[in-house]
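Number of protein chains: 2
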Amino acid sequence: MKKKPLILVTNDDGVTAPGIRALIAVMKQLGDVVVVAPDSPQSATGHAITINNTLYINKIDIDPDIETEYSCSGTPVDCVKFAVNEILHRKPVLCVSGVNHGSNSSINVIYSGTMSAAVEAGIEGIPAIGFSLLDYNWDADFEPAKPFIKKITEEVLANGLPDGVILNVNIPKLPQKEIKGIKVCRQAKAMWQEKFDKRTNPMGRDYYWLTGKFVNMDKGEDTDEWALANGYVSVVPVQFDLTAHHAIQGLNGWGMNEE
Amino acid sequence: MKKKPLILVTNDDGVTAPGIRALIAVMKQLGDVVVVAPDSPQSATGHAITINNTLYINKIDIDPDIETEYSCSGTPVDCVKFAVNEILHRKPVLCVSGVNHGSNSSINVIYSGTMSAAVEAGIEGIPAIGFSLLDYNWDADFEPAKPFIKKITEEVLANGLPDGVILNVNIPKLPQKEIKGIKVCRQAKAMWQEKFDKRTNPMGRDYYWLTGKFVNMDKGEDTDEWALANGYVSVVPVQFDLTAHHAIQGLNGWGMNEE
Chain L
9 MKKKPLILVT NDDGVTAPGI RALIAVMKQL GDVVVVAPDS PQSATGHAIT INNTLYINKI
69 DIDPDIETEY SCSGTPVDCV KFAVNEILHR KPVLCVSGVN HGSNSSINVI YSGTMSAAVE
129 AGIEGIPAIG FSLLDYNWDA DFEPAKPFIK KITEEVLANG LPDGVILNVN IPKLPQKEIK
189 GIKVCRQAKA MWQEKFDKRT NPMGRDYYWL TGKFVNMDKG EDTDEWALAN GYVSVVPVQF
249 DLTAHHAIQG LNGWGMNEE
Chain H
9 MKKKPLILVT NDDGVTAPGI RALIAVMKQL GDVVVVAPDS PQSATGHAIT INNTLYINKI
69 DIDPDIETEY SCSGTPVDCV KFAVNEILHR KPVLCVSGVN HGSNSSINVI YSGTMSAAVE
129 AGIEGIPAIG FSLLDYNWDA DFEPAKPFIK KITEEVLANG LPDGVILNVN IPKLPQKEIK
189 GIKVCRQAKA MWQEKFDKRT NPMGRDYYWL TGKFVNMDKG EDTDEWALAN GYVSVVPVQF
249 DLTAHHAIQG LNGWGMNEE
């Protein structure tokens, strides 16, 4: 009997989040699912790993269909490292991360624990996809997203991914019939304009909350922001070779080795 | 009187680390220095930001030459955001991060708090450089690194950096006269092979330490790993547009919008 493909599922909102449960529901249709996800929310942890602290791992049993389900006290990237090195006996054919409660489009990719887990799998040579829904609510409706998650995952399983490339998939918050389709995009040039909300604690000491406004500086119609604003699911191929290859020649023209 | 250029200095090893003190010493020769750095070590925090917790900021006075010096309870990226939005009254001409105690070459760039701080400054439109010395010791000798730090910083101040490009500078652990020069490089293809060190705590519960071995799969002589192994300071231009532009055409050939 042919073994079903092994699929590793993780996220950054924590193992009990509705988003990862929706993702698991889709992945169960496509393969054998192993879950290793944070035991608490780890949003915006980026590519952090736990090197100055201990890691606790718990075998859990949330979904009776799944044999291997763990929670981990660390970051999403820790989860992927632990799964690959300590839990899995064969290499997964795919790692999926999410579904994140909220957007990871544009520059958000760099702050995202969801995407960093997928990127870590990519570094370890495992094809990987991060999924995010543009709805921050804990009780967001993931049903309209499911057919798109399934389709994109099937395409990755069928076609593979180029070496060093991970997919960043964002899904608009729309009823399913209003989603126009899937668009391959580039990351829009955008940033957060921060505002620090200053408060005083009961002991009289000032503290701050980081808040901000997302600003899209990019008018391009080939960007993820454009696709999402126009009712499409955005798919951005992401790489972890951060070298700005186009800048090397210019830097070589500087006199860095001259007195 | 011409104002001296404003230089923001941060790091991930914490504001009292010898590495940032060495960096401040060099920057004081080149401009007006403002320091905003973590109040405790934040290695390997990647591009994490603090959104589910409060931030405390302390005005400190370690260096009598510097008027504006703060520590922050958050991550290196938080420090840059707080500095730009709450502390600085004019935009810095440069942000430097480090000197990190230990390498941030190759794939380490993605885990590095030092480099993430520099990348964050880049996102905010500030030319930025991350500096790392290949010596993890707290009492590492930063003296041989200083002339190279100064030279590279002067070149950036003179030439500027292309839009969206940050420099990742690594310096070998060598006496100054054995350092052969500065090489512009690409990020070597490498990864960490993890090993989880399992222990049992006094209450009888298992826990793990993340450890690992760095594996360079890249034989290229144009990489940062090659440069460092051969006695050069490596300079890798780094970008935060993570789009794998070369992969877009291939993905468009998939049947993602077909039934």
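These protein sequence lines are chains L and H, in that order. Counting from 1, position 248 in the first sequence corresponds to residue 256 in the numbering used here; the numbering is continuous, with no gaps. Counting from 1, position 60 in the second sequence corresponds to residue 68 in the numbering used here; the numbering is continuous, with no gaps. Don't be surprised by glycine CBs; every beta carbon is placed ideally from N, CA and C.
Listed in chain order, the alpha helix (DSSP H) elements of length 4 or more contained wholly in the segment 169 to 227 of chain H amount to none. Counting C-beta pairs with one atom in each stretch, the segment 206 to 226 of chain L and the segment 167 to 176 of chain L have fewer than three that are closer than 8 Å, which means they do not touch.
With a cutoff of 8 Å on beta-carbon distance, H:His-109 and H:Tyr-144 are scored as near each other. Exclusion of the five residues before and after H:Tyr-119 leaves Ala-52, Gly-54 as the residues of its chain whose Cβ lies within less than 7 Å of its Cβ. For the pair H:Cys-193 and H:Ser-242, the CB atoms are nearer than the 8 Å cut-off. L:Pro-46: member of the beta strand (DSSP E) spanning 40 to 46, first to last residue. Residue state for H:Phe-248 is assigned as coil, using DSSP reduced to three classes. The Cβ neighbour count for L:Pro-155, taken over all protein chains shown within 10 Å, is under 16; the residue is labelled exposed.
For the pair L:Cys-103 and L:Ala-136, the CB atoms are nearer than the 8 Å cut-off. With respect to the 8 Å criterion, H:Ser-114 and H:Glu-233 are classified as neighbours on the basis of their beta carbons. In the DSSP annotation of this structure, the continuous segment of the alpha helix (DSSP H) that includes L:Gly-130 starts and ends at 121 to 131. With a contact defined as Cβ atoms closer than 8 Å, H:Asn-112 and H:Asn-176 qualify at about 6 Å. In this structure, DSSP gives L:Ile-134 a state outside helix and strand, which the three-state scheme calls coil.
In its chain, beyond the 5 residues on either side, Val-34, Gln-37, Leu-38 have a beta carbon closer than 8 Å to the beta carbon of L:Lys-158. The criterion of a C-beta distance shorter than 8 Å is satisfied by L:Lys-89 and L:Glu-128. If you look at H:Lys-159, you'll find it in the alpha helix (DSSP H) that goes 154 to 167. The C-alpha of H:Ile-57 lies about 14 Å from the C-alpha of L:Lys-203.
In the three-state reduction of the DSSP assignment, H:Ser-114 falls in the helix class. Taking H:Asn-238 as reference, the option from H:Leu-182, H:Lys-12, H:Glu-94 with the minimal CA-CA separation is H:Leu-182. With the criterion set as a beta carbon lying under 8 Å from some beta carbon of chain L, the members of the segment 23 to 56 of chain H are Pro-49, Ser-51, Ala-52, Thr-53, Gly-54, His-55, Ala-56, in sequence order. Chain order gives no chain H residues near L:Tyr-78, where near means a beta carbon separation below 7 Å; the closest approach is about 12 Å. Residues of chain H whose Cβ lies closer than 8 Å to the Cβ of L:Pro-170 are, in chain order, Ala-252, His-254, Ala-255, Gly-258.
Secondary structure note for H:Gly-54: it is in no beta strand (DSSP E), with a DSSP letter that is neither H nor E. Contact with chain H is absent for L:Gly-110, since none of that chain's Cβ atoms lies less than 8 Å from the residue's Cβ.
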